[in-house]
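Novice: What follows is a single structure, and I will ask about it in a moment.
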Amino acid sequence: MEATGVYHESLAYYLYSIRKQVSIVLPNKISNYAKTLDIKTITDKSASQAIARFGLERQLEVWQPPLKIFNDLRQLCREREQLVHERTMLKNQLHTERTSATSSESSVNRTKKRIALIDLQEKEIRGEIAILIKGDKTLVEKMKIVSSIPGRGNLTAVTIIAETNGFELIKNKRQLVSYAGLDVREKISGTSVKSKPRISKRGNRNLRKVMHFPALAAIKTDERFRDIFLRIVSRHGIKMKAIVAIQRKLLELTFILWKNNSYYNSEHEYQIIPFQEVSL
-13 MEATGVYHES LAYYLYSIRK QVSIVLPNKI SNYAKTLDIK TITDKSASQA
37 IARFGLERQL EVWQPPLKIF NDLRQLCRER EQLVHERTML KNQLHTERTS
87 ATSSESSVNR TKKRIALIDL QEKEIRGEIA ILIKGDKTLV EKMKIVSSIP
137 GRGNLTAVTI IAETNGFELI KNKRQLVSYA GLDVREKISG TSVKSKPRIS
187 KRGNRNLRKV MHFPALAAIK TDERFRDIFL RIVSRHGIKM KAIVAIQRKL
237 LELTFILWKN NSYYNSEHEY QIIPFQEVSL
């Protein structure tokens, strides 16, 4: 089946409960496959036939439901992210209301109350996350390990672990990078077609998003990451390209430390996949 937001989950869990093998595929993969078929009119029937043929022709990985603790943490992290987004919009709205020549005091007060409510709800979510982690001794130690990376806060570490189901189905670093949408896509054909390498962005956007600020912090606090950043910027003059490179390296490093049960050491040489120079 296609991964259709959350709408496929109930069926996937049901089929798993009655011991059926389930494979969940990203929609873009099905779409690209369907383009190779002789389908002139796209309907629900033709789309389902394309999915069925895709399943028959390809060797697909069997889906396993995430552990309950990771599923709960993922839902809490996503809820918190939504609240933070709403709070940012409200603060921008509050600033506009305060600076307006015709601002309404009642409107300002209501906006303040909504911001205060979001602050309270975010605090509740942080508490629930802490309780879940403290209830699992193994996870407590694992969180300490991944939080030892420069620029990495507890909430960032929790989000990474939750979005990857504790790296349960991640077999290697390349698969992880692809899952996050930080893998490189490049098209070369003969001498006339040569596109610039770009990150695909065809992956978990929550995972990509949460890596941004840790990358900035790592550049400021760790000499190794700062040197990588300066080297790429000096070569291309594009800071964002260098920041994306750091995001990828931090994600790979998280995977390495998690699997090896080892804390970050700035003097240790980690085997990290070289990052190709890409456009955004």
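In terms of our numbering, the sequence shown opens at residue -13 and continues consecutively. For each residue, glycine too, the CB sits at the ideal point set by N, CA and C. Note that the structure is predicted; figures quoted are calculated from it, not measured.
For Arg60, count neighbouring C-beta atoms within 10 Å of its own C-beta (all shown protein chains included) and say buried if the count is 16 or more, exposed if not.
Specialist: For the purposes of this step, residue 60 is identified with residue 74 of the sequence shown, where counting begins at 1. So Arg60 ends up on the buried side.
Novice: Could you tell me the distance, in whole angstroms, from the CA atom of Gln50 to the CA atom of Leu80?
Specialist: By 1-based counting over the sequence shown, the position of residue 50 is 64. By 1-based counting over the sequence shown, the position of residue 80 is 94. Near 45 Å, if we compare the C-alpha coordinates of Leu80 and Gln50.
Novice: Can you tell me which of the three DSSP states Arg191 falls into?
Specialist: One-based indexing of the sequence shown puts residue 191 at position 205. Correct three-state label for Arg191: helix.
Novice: Taking its Cβ as the centre, do 16 or more other Cβ atoms sit within 10 Å of Gln233, making it buried, or is it exposed?
Specialist: Mapped onto the sequence shown, residue 233 falls at position 247. Counting Cβ neighbours within 10 Å, Gln233 comes out buried, since at least 16 surround it.
Novice: Can you list the beta strand (DSSP E) stretches of 3 or more residues lying completely in the stretch 81 to 126, in chain order?
Specialist: Whole beta strand (DSSP E) segments, 3+ residues: zero.
Novice: Using only the alpha-carbon positions, how far apart do Ile37 and Arg96 sit?
Specialist: Within the sequence shown, numbered from 1, the residue matching residue 37 stands at position 51. Within the sequence shown, numbered from 1, the residue matching residue 96 stands at position 110. C-alpha separation (whole angstroms): 49 Å.
Novice: Assuming Pro13 and Glu(-12) are in contact, meaning their beta carbons sit under 8 Å apart, how far apart are those beta carbons, in whole angstroms?
Specialist: As a first step, residue 13 is located in the sequence shown; it is residue number 27 there, counting from the start. As a first step, residue -12 is located in the sequence shown; it is residue number 2 there, counting from the start. Going by Cβ atoms, the distance from Pro13 to Glu(-12) rounds to 5 Å, so yes, they are a contact pair.
Novice: Would the stretch 105 to 124 and the stretch 27 to 42 be scored as touching if the rule is three or more Cβ pairs under 8 Å?
Specialist: With the cut-off at 8 Å, the stretch 105 to 124 and the stretch 27 to 42 do not touch.
Novice: So what does Glu(-12) bridge to, in DSSP terms?
Specialist: Here residue -12 refers to the residue found at position 2 of the sequence shown. Partner(s): Val11.
Novice: For Glu(-5), does the three-state DSSP call read helix, strand or coil?
Specialist: The residue given as residue -5 occupies position 9 in the sequence shown. It is helical.
Novice: Grab the span of the alpha helix (DSSP H) containing Tyr165 for me, first residue to last.
Specialist: Taking the first residue of the sequence shown as position 1, residue 165 is located at position 179. Note, Tyr165: alpha helix (DSSP H), Lys159 to Tyr165.
Novice: Drop a sphere of 10 angstroms on the beta-carbon of Val179, count the other beta-carbons inside from all chains shown, and report buried for 16 or more, exposed for fewer.
Specialist: Along the sequence shown, one-based indexing puts residue 179 at 193. With a pLDDT of only 49 at Val179, under 50, the local geometry of the prediction cannot be trusted, and the value read off the model is given with reservation. It counts as exposed.
Novice: Note the first and the last residue of the continuous alpha helix (DSSP H) segment covering Leu35.
Specialist: Taking the first residue of the sequence shown as position 1, residue 35 is located at position 49. Position check: residue 35 holds Gln in this sequence, whereas Leu was assumed. Counting along the chain, the alpha helix (DSSP H) containing Gln35 begins and ends at Asp30 to Glu43.
Novice: When you compare the CB positions of Ala204 and Gly137, do they come within less than 9 Å of one another, or not?
Specialist: Walking along the sequence shown from the start, residue 204 turns up at place 218. Walking along the sequence shown from the start, residue 137 turns up at place 151. For Ala204 and Gly137, yes; Cβs fall inside 9 Å.
Novice: If you draw a straight line from the C-alpha of Ile119 to the C-alpha of Met226, how long is it?
Specialist: As a first step, residue 119 is located in the sequence shown; it is residue number 133 there, counting from the start. As a first step, residue 226 is located in the sequence shown; it is residue number 240 there, counting from the start. C-alpha separation (whole angstroms): 34 Å.
Novice: Can you give the Cα-Cα distance for Glu72 and Leu193, rounded to whole angstroms?
Specialist: Locating residue 72 in the sequence shown gives position 86, where the first residue counts as 1. Locating residue 193 in the sequence shown gives position 207, where the first residue counts as 1. Going by the C-alpha atoms only, they are around 19 Å apart.
Novice: Do Asn247 and Lys128 count as a contact pair if the criterion is CB distance below 9 Å?
Specialist: Sequence index remark: in the sequence shown, residue 128 carries index 142 (1-based). Sequence index remark: in the sequence shown, residue 247 carries index 261 (1-based). A contact, by the Cβ cut-off of 9 Å.
Novice: Consult DSSP for Tyr0 and reduce its assignment to one of helix, strand or coil.
Specialist: The sequence position of residue 0 within the sequence shown is 14, counting from 1. Three-state DSSP puts Tyr0 in a helix.
Novice: Look up Ser252 in the DSSP assignment and say whether it is helix, strand or coil.
Specialist: Locating residue 252 in the sequence shown gives position 266, counting from the first residue. The answer is coil: DSSP assigns Ser252 none of H, G, I, E or B.
Novice: Would you check if the distance between the CB atom of Glu238 and the CB atom of Leu162 is smaller than 9 Å?
Specialist: As a first step, residue 238 must be located in the sequence shown, where it is residue number 252. As a first step, residue 162 must be located in the sequence shown, where it is residue number 176. Cβ distance < 9 Å, so Glu238 and Leu162 count as in contact.
Novice: For Ile4, count the other beta carbons within 10 Å of its own beta carbon; 16 or more makes it buried, fewer makes it exposed. Which is it?
Specialist: Within the sequence shown, the letter at position 18 stands for residue 4. The residue is exposed, with fewer than 16 neighbouring Cβ atoms inside 10 Å.
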